[in-house]
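**Student:** I am attaching a structure below and will ask some questions about it afterwards.
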Amino acid sequence: MVSDGGHTPLLAMRSIVKVFPGARALDGVDLDVAPGEVHCLLGQNGAGKSTLIKILSGAHQPTEGEITLDGEVVTIPHPVAGLRLGIATIYQELDVVDGLTVAENVWLGHELDGAGFTRRREAARRTRELLARLGHPDLPPHREVSHLSAAGKQVVSMARALSHDARVIVMDEPSAVLDSEGVENLFRIVRELTAQGVAVVYISHRLEEIRRIGDRITVLKDGRTVARNLPAATTPTRELIRLMTGRSVEYAFPARPGVRDDAPVVLDVEGLSLGRTFEDVSMQARAGEIVGLAGLVGSGRSEILETVYGARRATAGTVTVGGRRVRPGGVDAAVAAGIGLCPEERKSQGLLLGEPVYRNITLSTFGRFARAGVLDERAERRAAREQVDALDLRPPQIGREARTLSGGNQQKALLARWLVHGCTVLLLDEPTRGVDVGARAEIYALVRRLADAGTAVVVVSSEIPEVLGLADRVLVVADGRVVHASEATDIDEHRVLDLVMEGSAA
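What follows is the structure in structure tokens.
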């Protein structure tokens with residue numbers, strides 16, 4: 002174990018153990034964070050990061066161990082107690098309430114009351130101040146949060162944390178829904194906070210971000226601390242990967258075998274439009290081809306996939322699969338035509354978190370397992386088990402709730418759903434968001450294996466290197482229009498950035 006002992010901690014967690022029924026999630030974890038530093042917490046999905054920060058926030062209680070704040074031992078029986086101590090957490094699964102306004106979300110739980118009434122004007126004024134501090138002065142406090150993008154919702158979560166005058170802020174994958182400009186703004190906010198003495202616990206799978214924003218690193222593996230207080234700027238990437246995974250992992254994409262010249266066009270999108278969101282989008286994907294959509298958050302990439310899938314009704318254009326036109330605005334019709342979608346927000350849009358893994362896998366193929374109107378659960382479990390084994394989904398218990406899986410394994414469960422269904426077109430929106438480096442490589446290999454078997458795949462990702470490394474052909478989307486299309490090998494990251502910033506055709 003590595004430790005430098007050169008910092009006086011504001012926050013210290015010592016020998017933290019957490020035992021759930023049948024599982025020891027944490028087994029003696031140590032973490033200390035100094036005032037004014039960005040302390041990065043690394044580890045594969047399932048290493049214990051989420052459990053640790055839930056203990057810190059008060060959402061879970063430790064089975065053993067001690068937490069000190071400013072040298073005083075503290076107990077955090079619930080999240081409100083954590084906030085009162087000055088500990089705020091911004092979760093990857095954004096905890097905003099869609100039915101409330103921005104201001105109502107920011108002050109939720111500590112409303113600005115006076116004489117029994119909520120001071121709406123004061124709440125709106127102070128919300129504007131917080132939003133301006135976060136670089137979003139134009140976001141209206143009265144707007145309902147349901148109308149915001151994932152990136153906008155994250156801004157609201159950050160404003161809520163700042164509203165508590167937090168001394169320790171935990172950020173769980175804060176850049177996952179941000180474009181490059183948003184990431185720069187995030188870093189500006191983090192630096193401003195740490196300059197004021199706020200301690201930031203920063204969780205990210207993007208090692209290049211850790212280099213830029215982090216001061217020290219603690220690494221977890223299998224519920225244990227395997228390294229503490231590593232220097233973020235100088236610890237080699239290979240060493241970090243070895244600590245997280247127990248092996249050396251090269252960050253590499255599967256080989257591109259090339260699409261056969263005689264491969265048929267499976268997906269044909271012509272002149273697709275969705276109001277002012279995007280317009281006149283045309284693209285094709287052949288059997289065995291991976292097509293990547295690159296662009297900034299808000300460019301219309303995700304909405305294009307959702308419209309092809311039928312979750313949104315196009316205002317113009319057509320979608321054809323295997324030579325047959327798909328009825329617009331109908332998910333059932335798209336699924337019947339052979340289209341599958343793994344959405345960006347897998348927890349809220351893709352999975353039934355309280356249902357068992359096998360039920361999530363068979364969700365789109367119930368009809369196959371029905372006999373005389375009765376669901377054959379044994380056949381359902383058998384089909385799910387085949388995919389769990391084939392994809393090495395961990396842990397392999399198909400009866401456990403989907404919410405208990407790590408991010409990478411939840412993504413595998415979604416992919417397994419469409420493997421059972423046997424789709425001919427697979428749409429992937431941010432397939433590796435919040436996924437650790439080991440699981441990421443597995444997902445890349447799986448996507449390539451699907452393409453090699455004849456599936457046409459369309460991938461959206463905020464990470465331009467991911468699009469360029471995984472796809473055979475790339476379309477660049479800016480301001481709701483396709484501004485460039487080429488083979489992936491004919492364009493580089495700098496050119497993609499130029500195109501998305503210019504918003505004009507090549």
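One point on numbering: in this note's numbering, the residue at position 304 of the sequence shown is 305, and numbering is uninterrupted.
Note that beta-carbon positions come from the ideal geometry of N, C-alpha and C, so glycine has one too.
Predicted model only: the values in this text are computed from it and were never measured.
Run through DSSP, which three-state label would ILE399 get?
**Tutor:** Coil.
**Student:** Indicate the three-state DSSP secondary structure (helix, strand or coil) for TYR252 in the structure shown.
**Tutor:** Here the model assigns TYR252 a pLDDT of 49, short of 50, so the residue's position is not dependable, and the following value carries that caveat. It is coil, neither helix nor strand.
**Student:** Restricting to Cα atoms, I'd like to know which of GLY481, PRO36, PRO396 is closest to GLY47.
**Tutor:** Checking every option, the nearest Cα to that of GLY47 belongs to PRO396.
**Student:** Is the segment 265-275 touching the segment 235-250, taking contact as three or more C-beta pairs under 8 Å?
**Tutor:** No, because fewer than three Cβ pairs between the segment 265-275 and the segment 235-250 fall closer than 8 Å, the two stretches do not touch.
**Student:** Alpha carbon to alpha carbon, what distance is there between GLY66 and VAL20?
**Tutor:** VAL20 and GLY66: Cα-Cα distance of roughly 12 Å.
**Student:** Spatial neighbours of LEU376 within its chain, please: CB distance less than 8 Å, with the 5 preceding and 5 following residues excluded, ordered by chain position.
**Tutor:** Same-chain partners within the cutoff: PHE367, PHE370.
**Student:** Would the segment 450-469 and the segment 286-302 be scored as touching if the rule is three or more Cβ pairs under 8 Å?
**Tutor:** Yes: at least three Cβ pairs fall under 8 Å.
**Student:** What is the residue span of the beta strand (DSSP E) that ILE88 lies within?
**Tutor:** Taken as a continuous stretch (DSSP letters only), the beta strand (DSSP E) holding ILE88 covers 88-91.
**Student:** Taking only the alpha-carbon atoms, compute the straight-line gap between ARG450 and GLN285 and give it to the nearest angstrom.
**Tutor:** If you take the alpha carbons of ARG450 and GLN285, they lie about 20 Å apart.
**Student:** Does SER150 pass the burial test, meaning 16 or more other C-beta atoms within 10 Å, or should it be called exposed?
**Tutor:** Answer is exposed; the Cβ neighbour count stays below 16.
**Student:** For the beta strand (DSSP E) containing GLN508, name the first residue and the last one.
**Tutor:** What is shown of the chain runs 2 to 507, which leaves residue 508 out entirely.
**Student:** Quick one: Cα of ASP480 to Cα of GLY301, how far?
**Tutor:** Cα to Cα, the separation comes out at about 7 Å.
**Student:** Rounding to the nearest angstrom, what Cα-Cα distance links VAL201 and ILE54 in this structure?
**Tutor:** Distance between the alpha carbons of VAL201 and ILE54: 12 Å.
**Student:** What three-state label does DSSP hand SER16 in the structure shown?
**Tutor:** Note: SER16 maps to strand in three-state DSSP.
**Student:** May I ask you to report which of helix, strand or coil DSSP gives SER51?
**Tutor:** Note: SER51 maps to helix in three-state DSSP.
**Student:** Cα-Cα, which of GLU443, MET159, HIS485, VAL478 is closest to LEU471?
**Tutor:** The option with the nearest alpha carbon to LEU471 is GLU443.
**Student:** According to DSSP, which residues form a beta bridge with LEU457?
**Tutor:** The question names Leu, but residue 457 is Ala in the sequence shown. Its beta-bridge partners are VAL426.
**Student:** If you follow the beta strand (DSSP E) that ILE340 is in, where does it begin and where does it stop?
**Tutor:** 340-343 is the span of the beta strand (DSSP E), which, as asked, contains ILE340.
**Student:** Return the chain-ordered list of same chain residues with a C-beta closer than 8 Å to the C-beta of GLN155, the five sequence neighbours on each side being excluded.
**Tutor:** Cβ within range, chain order: ILE91, LEU95, PRO175, VAL178, LEU179.
**Student:** With 16 other CB atoms within 10 Å as the buried threshold, where does ALA228 fall?
**Tutor:** Per the 10 Å Cβ criterion, buried.
**Student:** Which residues in the same chain as THR9 place their Cβ atom closer than 7 Å to its Cβ, once the five residues preceding and following it in sequence are excluded?
**Tutor:** Here the set comprises ALA35.
**Student:** Smallest Cα separation from SER274: which of VAL483, ALA337, ASP28?
**Tutor:** Answer by Cα proximity: VAL483.
**Student:** So the candidates are LEU135, PRO141, GLY136; which of them puts its Cα closest to the Cα of ARG126?
**Tutor:** That would be PRO141, whose Cα lies nearest to the Cα of ARG126.
**Student:** So THR456 and LEU427 are supposed to be a Cβ contact under 8 Å. How far apart are they, rounded?
**Tutor:** Contact holds; Cβ gap of about 5 Å.
**Student:** Does DSSP classify HIS148 as helix, strand or coil?
**Tutor:** Helix.
**Student:** Is there contact here, the segment 326-333 with the segment 307-315, by at least three beta-carbon pairs under 8 Å?
**Tutor:** Flag = yes, the segment 326-333 and the segment 307-315 touch.
**Student:** Identify the residues that DSSP records as bridge partners of PRO357: which are they?
**Tutor:** In the DSSP output, where bridge partners are listed per residue, PRO357 has GLU402.
**Student:** I think THR236 touches ILE218, with their Cβ atoms under 8 Å apart; what is that distance to the nearest whole Å?
**Tutor:** Correct: roughly 6 Å between the Cβ atoms.
**Student:** Could you compute how far the alpha carbon of GLU251 sits from the alpha carbon of LEU131?
**Tutor:** Confidence at GLU251 is low in this model, with a pLDDT of 48, below 50, so its placement is unreliable and no value can be given for it.
**Student:** Using DSSP bridges, identify the partner residues of SER274.
**Tutor:** According to DSSP, SER274 bridges with ALA317.
**Student:** Expressed to the nearest angstrom, what Euclidean distance is found between the alpha-carbon atoms of GLY355 and ARG496?
**Tutor:** Distance between the alpha carbons of GLY355 and ARG496 is about 44 Å.
**Student:** Mind the definition here: the segment 409-422 touches the segment 205-218 only if three or more C-beta pairs lie below 8 Å; say whether that holds.
**Tutor:** Taking 8 Å as the limit for Cβ pairs, the verdict is that the segment 205-218 does not touch the segment 409-422.
**Student:** Give a yes or no on whether the C-beta atoms belonging to ARG441 and VAL292 are separated by under 8 Å.
**Tutor:** Result no, Cβ atoms of ARG441 and VAL292 do not sit closer than 8 Å.
**Student:** Could you give the residue range of the beta strand (DSSP E) that holds GLU280?
**Tutor:** Where GLU280 is concerned, the enclosing beta strand (DSSP E) stretches over 279-287.
**Student:** Which first and last residues belong to the alpha helix (DSSP H) in which GLU210 is found?
**Tutor:** 208-214 is the span of the alpha helix (DSSP H), which, as asked, contains GLU210.
**Student:** Under a three-way DSSP split, which group does GLY409 fall into?
**Tutor:** Note: GLY409 maps to helix in three-state DSSP.
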